[in-house]
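*Asks:*
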Amino acid sequence: MIFELRDISFSYHTKRVLDKINLTVERGEKLAIVGASGVGKSTLLNLLAQQHPDDIAYCTQERNLVTGLSCYNNIYLAKLAEFGALQNLCNLLRPNPQELQRISLIAEQLQIADKLHHSVETLSGGQQQRVAIARAFYQQRSIFIGDEPVSNLDSVTARLVLKAILKRHQSCVIALHDRTMALTYFDRVVGLKQGKIVIDAKPADISMQVLEQLYL
Amino acid sequence: MFFKSLCLSLSMLSLLLGTTVQGAVESTKKVLTFTAIPDQDQSQLRLRFQKVADYLASELNITVKYIPVKSYAAAITAFRNNQVQLAWFGGLSGVRARQLVPGSQAIAQGVEDREFSSYFIAHRSAGLTPTANFPQGIVNKTFTFGSKGSTSGRLMPEFYIRQHLQASPQQLFKAVGFSGDHSLTITQVQAGAFQVGVVNYQVWESMLAAGKIDTDKVQVIWQTPHYTDYQWTIRAGVDSDFGAGFSERVQAVLLAITAPDLLAQFPRSGFIKASNADYLAIETTALQLDLIQP
Amino acid sequence: MIALYRGVSQGLKLRNFSLSLLLVGLLAAMVGDVQIYASEPWQHLQQMLLGLSRPSVEQPITLVYDLLYTLAFALLGVSLSVLVGFALSLVYQHWLVRGLCAFFRAIHELFWALIFIQLFGLSATSAILAIAIPYACTFARVFYDIYQQAPLKIGHLQRATKANFSYFLYVLIPQVKGQMSAYLRYRFECGVRTSAVLGFVGLPTIGFHLETAFKQGDYSYAGALLLAFYLLIASMKYWLKLWLLPLYLLSAIYFLPSSDFVNDNAYIWRFFSQDIWPRVVQSTDINMLEAVLLYADWLLTLTLQQGLSGMVNTLLLSIMAVAASGLLAVLISPVCAVYKGHWLAEKLLGSLLLVMRSTPEYILAFILLLVLGPSMLPAVVALAIHNAGLISYLLQRNIPTTDSTAGLTFSVYLYRILPKSYLQFISLLMYRAEIILRESAILGVLGITTLGFYIDSAFEDLRFDRALALLLITALLNVAVDQFSRKMQLLFDSSHVRVRSKE
């Protein structure tokens with residue numbers, strides 16, 4: 004078991020976002036979270052991400068890319084704490100060849116290798132999203148938490164990237180709005196409505212109609 | 017680019033620190049350096065005193081340099097820090113300099129400096145006329161001194177003002193200014209920016225002769241009693257630095273100035289011997305006005 | 005007063021703030037001396053204009069050296085201060101650093117120069133340090149403020165607390181480096197101005213001859229010097245490139261004037277051990293406690309005699325000058341915005357702003373004194389001209405050149421530019437408040453007994469003990485004003501801290 008939430012509620016100001024949530028996630032599980040916007044998905048992911056941050060690559064909706072910094076350095080940024088300040092400084096002046104190679108491989112897989120040395124704000128929304136995912140890959144963590152990580156990608160690329168995410172990480176918790184993908188690639192789907200978990204089952208046991216209900 | 021420039025600049029600057037902290041290298045060649053208080057027409061100072069430097073160099077047979085300074089205090093500081101060994105000071109600046117470097121001597125003064133005085137001048141809007149006695153009418157006018165450290169533009173006039181009116185200038189006048197130097201005092205009173213001002217009588221006379229003063233607008237309303245003013249002061253220690261008897265040699269050379277061209281630079285009709293004791297009265301007055309410490 | 009700002013919209017807050025600033029300015033004018041003394045300056049002004057319009061130089065080589073030295077001091081002083089200021093900005097959140105910076109910033113470059121001249125004579129070292137110290141403290145504050153404006157905070161990313169500096173390099177700096185280098189460029193311009201002004205106390209920059217020329221009524225020479233100075237500043241944007249900076253620094257070091265002054269550690273020791281202490285505490289037969297008590301007593305007397313009236317006048321003058329600067333900038337800025345893109349008008353207005361911000365206040369005050377007579381008025385107007393020129397220049401830099409053929413009308417300005425730039429205007433004005441406070445110091449020539457007047461007198465009388473004590477008072481006043489202006493800026497900070505509750 005890697006995550007456990009028991010009777011957890013959460014409010015912003017006076018607005019209750021999560022209402023007595025119970026959720027456990029086992030090691031090796033690939034979990035999709037679905038639900039309408041504002042239903043508390045991001046809050047739920049935030050709570051999970053806080054549980055053992057050192058094992059988690061967390062890809063938030065904000066992407067947290069640094070404008071003015073190249074894609075390469077934006078990805079490199081994920082491991083700053085692992086290198087010394089001097090090495091980090093040198094890497095700014097001239098990319099460290101070893102790390103550059105590692106990052107290039109990831110970038111190739113995500114089809115952004117040609118943009119690696121461009122400043123991140125010159126990229127399209129979809130490309131930026133992939134930079135954020137590359138940053139998560141680069142950390143080589145066993146757990147991936149993603150908040151709509153492929154929402155800006157065309158469906159072909161989205162599937163490709165999602166498969167890569169699932170393959171690279173032992174356990175995944177990903178919020179998605181694409182119901183088909185949730186049912187196709189994951190081995191467990193959790194549906195949220197008004198701050199409560201209303202669905203928690205294997206994809207085989209869920210029909211598309213039930214999922215559509217969440218958005219009504 | 018940002019970082020690369022920053023790093024390069026860093027190395028440049030460490031170079032700079034290395035050079036400046038090291039400072040100027042002490043020169044072994046003996047050079048007599050002198051300065052003069054910038055009491056008037058600063059643009060001409062270098063021209064004026066370069067002639068004096070050339071004269072001293074040829075008579076004393078050593079290198080003599082003149083350095084211009086911006087303020088009375090700068091002249092005194094240069095003297096104190098041995099940047100100059102000889103200076104043409106005013107009464108007050110001389111007293112201050114000799115107090116800071118004990119053993120320094122006033123060695124020569126202009127013939128006129130024994131009986132120096134200041135003119136109180138007034139713009140016509142003040143409605144004041146020349147008087148033989150102290151002009152009581154200046155009260156409640158706007159008033160400007162010259163430099164804060166000037167003898168004829170500040171010390172003595174303030175002394176007479178306090179003596180006759182028994183109050184400080186700030187209490188007596190509507191506004192008190194310090195123009196910085198004598199020519200500027202005349203400019204400002206002539207323009208009516210200040211109604212009354214006080215100047216070195218010699219600067220007034222020479223500007224008047226040069227046709228720079230419109231007497232319809234500004235006129236002298238009172239002349240102060242006489243006091244002792246400018247002098248050449250030589251720094252303590254020159255005799256050991258430049259050889260025994262050096263002060264006397266410099267004194268003799270200064271007293272021997274007779275060339276009209278040189279004298280016109282000051283302007284004085286000739287130089288006579290002076291001593292520190294000649295400036296006791298100035299010192300007492302400065303003490304009274306809290307312009308020097310006991 | 006705070007009630008005016010509680011629970012109202014941003015726009016209303018700004019309006020109320022502007023009006024209360026103006027009101028306070030008017031109140032200060034009622035208390036302070038702003039009388040116009042009738043004078044007859046016209047003949048002299050005519051002569052001045054005639055001279056200024058016919059610039060001439062007798063020795064062009066002197067002018068070239070003046071300009072070179074001015075530039076060399078500015079480049080080296082500012083570069084040094086960038087490094088120190090950058091380092092300080094990293095620890096600026098510490099109250100001690102913040103306080104010390106406000107303290108050192110408060111002392112005008114001219115006074116720093118006067119202090120360093122005591123230690124290092126009329127030398128390049130004095131000039132560079134006089135620029136570097138206050139500038140470093142300003143950089144520390146401004147860089148720190150710029151970091152705060154980065155949209156993505158380190159906290160959004162960082163999980164481990166270690167490797168702070170790396171996060172700073174990778175997260176903060178890339179986001180704000182544009183802003184930082186724009187500020188750097190602007191500060192180099194300021195540095196050249198400051199360097200020029202250092203000539204007033206005798207350092208070999210262009211101010212040395214400029215002041216002399218004005219004092220002596222040699223207006224055609226003054227005109228030539230001013231023109232050369234304006235051209236230097238106007239041309240900076242063409243040649244001052246960050247990547248060329250190392251080259252410039254090398255040349256600056258090469259061109260530094262040599263000084264006859266012989267460094268002597270004894271002078272430095274004497275300054276700190278004797279000069280800056282009053283005679284009463286220097287007696288050898290008193291113990292530490294007695295010395296402290298005597299100093300306190302001496303300080304109290306000085307404060308009562310000079311400090312208090314100095315502070316009151318400094319504040320009055322500064323408040324009036326801030327209000328007047330704001331008012332003038334509000335009048336000029338729309339004109340600049342509306343005419344942006346009209347080639348000739350834009351160039352003319354650009355030159356006007358350049359002249360306004362680059363003419364040393366001292367020179368402005370000198371001219372105004374002849375017209376207005378000796379009250380606070382010339383000082384207020386001089387400060388207003390300088391600061392309004394600067395604020396308008398900084399504001400119009402941020403207005404995009406209109407791409408639409410319709411151009412920018414006054415109405416468009418009111419509805420599109422003004423709402424965006426007004427907050428920036430207020431925050432610039434608050435920044436300038438601190439600087440105005442310092443600058444009011446050097447206008448003592450008008451006879452207004454500001455703190456600066458007394459400090460100048462103390463230096464002139466070689467009473468460094470008084471100078472130091474008065475500088476201390478000035479610096480403390482500045483720290484207080486800095487705190488106040490920070491509070492005022494916070495009133496307009498729209499980013500609210502999100503309150504989270506967790507059950």
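Residue numbers (our numbering), protein chains in the order written: chain Z, 4 to 219; chain C, 17 to 310; chain R, 5 to 507. Where is the CB? At the ideal position from N, CA and C, for every residue including glycine. As the structure is a prediction and not an experimental result, all values here were calculated from the model.
Below 8 Å on the Cβ atoms is my contact criterion, and I expect residue 237 of chain C with residue 136 of chain C to pass it. Report the Cβ-Cβ distance as a whole number of Å.
*Replies:* Residue numbering aside, residue 237 of chain C sits at position 221 when the second sequence is read from its first letter. Residue numbering aside, residue 136 of chain C sits at position 120 when the second sequence is read from its first letter. Contact holds; Cβ gap of about 5 Å.
*Asks:* State buried or exposed for residue 56 of chain Z, treating a residue as buried only when at least 16 other CB atoms are found within 10 Å of its CB.
*Replies:* To locate residue 56 of chain Z, count along the first sequence from 1; it is residue 53. It counts as exposed.
*Asks:* Quick one, are the C-beta atoms of residue 191 of chain Z and residue 32 of chain Z less than 8 Å apart?
*Replies:* In the first sequence, residue 191 of chain Z corresponds to position 188, counting from 1. In the first sequence, residue 32 of chain Z corresponds to position 29, counting from 1. Yes, they are a contact pair.
*Asks:* So which residues of chain R does residue 47 of chain Z contact, with C-beta pairs closer than 9 Å?
*Replies:* Indexing the first sequence from 1 puts residue 47 of chain Z at position 44. None at all; the shortest Cβ gap to chain R is about 13 Å.
*Asks:* Applying a beta-carbon distance threshold of less than 7 Å, which residues of chain C neighbour residue 286 of chain R?
*Replies:* As a working mapping, residue 286 of chain R is identified with position 282 in the third sequence. Going along chain C, no residue has its Cβ under 7 Å from residue 286 of chain R, so there is no contact; the nearest lies around 11 Å.
*Asks:* For the candidate residues Z:29, Z:84, Z:169, whose alpha-carbon lies nearest to that of residue 161 of chain R?
*Replies:* Along the third sequence, one-based indexing puts residue 161 of chain R at 157. The option with the nearest alpha carbon to residue 161 of chain R is Z:84.
*Asks:* What do you get for residue 121 of chain C, buried or exposed, if any count of 16 or more other CB atoms within 10 angstroms of its CB means buried?
*Replies:* Working through the second sequence from its first residue, we reach residue 121 of chain C at position 105. Buried, by the Cβ-count rule.
*Asks:* Kindly indicate which three-state DSSP category residue 126 of chain C falls into: helix, strand or coil?
*Replies:* For the purposes of this step, residue 126 of chain C is taken as the residue at position 110 of the second sequence. Residue 126 of chain C falls in the strand class under three-state DSSP.
*Asks:* Is there at least one Cβ from chain Z nearer than 8 Å to residue 174 of chain R's Cβ?
*Replies:* Residue 174 of chain R sits at position 170 when you count from the first residue of the third sequence. It does; some Cβ of chain Z falls within 8 Å.
*Asks:* Assuming contact is defined by CB atoms lying nearer than 8 Å, are residue 136 of chain Z and residue 168 of chain Z in contact in what I supplied?
*Replies:* Position 133 of the first sequence, counted from the first residue, corresponds to residue 136 of chain Z. Position 165 of the first sequence, counted from the first residue, corresponds to residue 168 of chain Z. Result yes, Cβ atoms of residue 136 of chain Z and residue 168 of chain Z sit closer than 8 Å.
*Asks:* Quick one: any contact between the segment 190 to 207 of chain C and the segment 147 to 164 of chain C, if contact means 3 or more CB pairs under 8 Å?
*Replies:* Contact holds: three or more Cβ-Cβ distances are below 8 Å.
*Asks:* Which residues in the same chain have their Cβ closer than 8 Å to the Cβ of residue 187 of chain Z, if we skip the five residues on either side of it in sequence?
*Replies:* In the first sequence, counting from the first residue as 1, residue 187 of chain Z sits at position 184. 206, listed in sequence order.
*Asks:* Just to confirm, are residue 140 of chain R and residue 92 of chain R a CB contact at a threshold of 8 Å?
*Replies:* Within the third sequence, numbered from 1, the residue matching residue 140 of chain R stands at position 136. Within the third sequence, numbered from 1, the residue matching residue 92 of chain R stands at position 88. Result yes, Cβ atoms of residue 140 of chain R and residue 92 of chain R sit closer than 8 Å.
*Asks:* So which of R:465, R:291, R:436 has the shortest CA-CA distance to residue 146 of chain R?
*Replies:* As a first step, residue 146 of chain R is located in the third sequence; it is residue number 142 there, counting from the start. Out of R:465, R:291, R:436, R:436 has the C-alpha closest to the C-alpha of residue 146 of chain R.
*Asks:* Check each candidate in Z:202, Z:79, Z:19 and name the one with the smallest Cα separation from residue 101 of chain Z.
*Replies:* Walking along the first sequence from the start, residue 101 of chain Z turns up at place 98. Of the candidates Z:202, Z:79, Z:19, the one whose C-alpha sits nearest the C-alpha of residue 101 of chain Z is Z:79.
*Asks:* Shortest alpha-carbon distance to residue 118 of chain R belongs to which of R:461, R:484, R:489, R:79?
*Replies:* As a first step, residue 118 of chain R must be located in the third sequence, where it is residue number 114. Residue 118 of chain R has its Cα closest to that of R:461, out of R:461, R:484, R:489, R:79.
*Asks:* Residue 131 of chain R and residue 249 of chain R - do their beta-carbons sit closer together than 8 Å?
*Replies:* In the third sequence, residue 249 of chain R corresponds to position 245, counting from 1. In the third sequence, residue 131 of chain R corresponds to position 127, counting from 1. Result no, Cβ atoms of residue 249 of chain R and residue 131 of chain R do not sit closer than 8 Å.
*Asks:* Which residues in chain C have a C-beta closer than 7 Å to the C-beta of residue 242 of chain R? List them in chain order.
*Replies:* As a position in the third sequence, residue 242 of chain R is number 238, starting the count at 1. Result: empty, since nearest Cβ-Cβ is about 18 Å, beyond 7 Å.
*Asks:* Here's the rule: buried if 16 or more other CB atoms are within 10 angstroms of the residue's CB, otherwise exposed. What is residue 175 of chain Z?
*Replies:* Sequence index remark: in the first sequence, residue 175 of chain Z carries index 172 (1-based). It counts as buried.
*Asks:* Of all Cβ atoms in chain R, is any one closer than 8 Å to the Cβ of residue 125 of chain Z?
*Replies:* Position 122 of the first sequence holds residue 125 of chain Z. Cβ-Cβ to chain R under 8 Å: no for residue 125 of chain Z.
*Asks:* If we ignore side chains and look at the alpha-carbon of each, how far apart do residue 429 of chain R and residue 395 of chain R end up?
*Replies:* As a working mapping, residue 429 of chain R is identified with position 425 in the third sequence. As a working mapping, residue 395 of chain R is identified with position 391 in the third sequence. If you take the alpha carbons of residue 429 of chain R and residue 395 of chain R, they lie about 7 Å apart.
*Asks:* Would you say residue 69 of chain Z reaches chain R, if we count a Cβ-Cβ gap shorter than 8 Å as a contact?
*Replies:* One-based indexing of the first sequence puts residue 69 of chain Z at position 66. Yes, contact with chain R.
*Asks:* With distances taken between CB atoms, is the gap from residue 133 of chain Z to residue 159 of chain Z smaller than 8 Å?
*Replies:* In the first sequence, counting from the first residue as 1, residue 133 of chain Z sits at position 130. In the first sequence, counting from the first residue as 1, residue 159 of chain Z sits at position 156. No. Outside cutoff.
*Asks:* Any beta carbon of chain R sitting closer than 8 Å to that of residue 88 of chain C?
*Replies:* Within the second sequence, the letter at position 72 stands for residue 88 of chain C. True, the Cβ-Cβ gap to chain R drops below 8 Å.
*Asks:* Which residues share a DSSP beta bridge with residue 235 of chain C?
*Replies:* Taking the second sequence and counting its residues from 1, the one referred to as residue 235 of chain C is at position 219. Answer by DSSP bridge pairing, in chain order: C:138.
*Asks:* May I ask you to list, following chain order, the residues of the segment 219 to 246 of chain C that have a beta carbon less than 9 Å from some beta carbon of chain R?
*Replies:* The residues in question are 228, 230, 233.
*Asks:* So residue 120 of chain R and residue 133 of chain R are in contact, right, with Cβ under 8 Å, and what is the actual spacing, rounded?
*Replies:* In the third sequence, the residue the question calls residue 120 of chain R occupies position 116. In the third sequence, the residue the question calls residue 133 of chain R occupies position 129. That belief holds up - the Cβ atoms of residue 120 of chain R and residue 133 of chain R are roughly 5 Å apart, short of 8 Å.
*Asks:* Which residue marks the beginning of the beta strand (DSSP E) containing residue 391 of chain R, and which one marks its end?
*Replies:* Mapped onto the third sequence, residue 391 of chain R falls at position 387. Unbroken run through residue 391 of chain R is the alpha helix (DSSP H), 380 to 401; no beta strand (DSSP E).
*Asks:* Who are the Cβ neighbours of residue 237 of chain R in its own chain at under 8 Å, not counting the five residues just before and after it?
*Replies:* Sequence index remark: in the third sequence, residue 237 of chain R carries index 233 (1-based). Taken in chain order, the residues that qualify are 193, 196, 197, 358, 362.
*Asks:* Please list the terminal residues of the continuous alpha helix (DSSP H) segment that includes residue 102 of chain R.
*Replies:* Position 98 of the third sequence holds residue 102 of chain R. That run of the alpha helix (DSSP H) goes 99 to 109.
*Asks:* Whose CA, out of Z:147, Z:183, Z:181, lies closest to the CA of residue 54 of chain Z?
*Replies:* Counting from 1 along the first sequence, the entry for residue 54 of chain Z is found at position 51. Ranking Z:147, Z:183, Z:181 by Cα distance to residue 54 of chain Z puts Z:147 first.
*Asks:* Would you say the segment 17 to 33 of chain R touches the segment 308 to 325 of chain R, given that touching needs at least three Cβ pairs under 8 Å?
*Replies:* Touching, per the Cβ criterion.
*Asks:* List the DSSP bridge partners of residue 7 of chain Z.
*Replies:* As a position in the first sequence, residue 7 of chain Z is number 4, starting the count at 1. Looking at the DSSP assignment, residue 7 of chain Z forms a beta bridge with Z:27.
*Asks:* In whole angstroms, what is the alpha-carbon distance linking residue 131 of chain C and residue 137 of chain R?
*Replies:* Here residue 131 of chain C refers to the residue found at position 115 of the second sequence. Here residue 137 of chain R refers to the residue found at position 133 of the third sequence. About 48 Å.
*Asks:* From this set, R:269, R:272, R:441, R:282, which residue's C-alpha is nearest residue 391 of chain R's C-alpha?
*Replies:* Here residue 391 of chain R corresponds to residue number 387 of the third sequence, with the count starting at 1. Nearest of R:269, R:272, R:441, R:282 to residue 391 of chain R, Cα basis: R:441.
*Asks:* Note down, in chain order, each residue of its chain lying with its Cβ closer than 8 Å to the Cβ of residue 315 of chain R, except the 5 sequence neighbours on either side.
*Replies:* The sequence position of residue 315 of chain R within the third sequence is 311, counting from 1. Here the set comprises 455, 477, 481.
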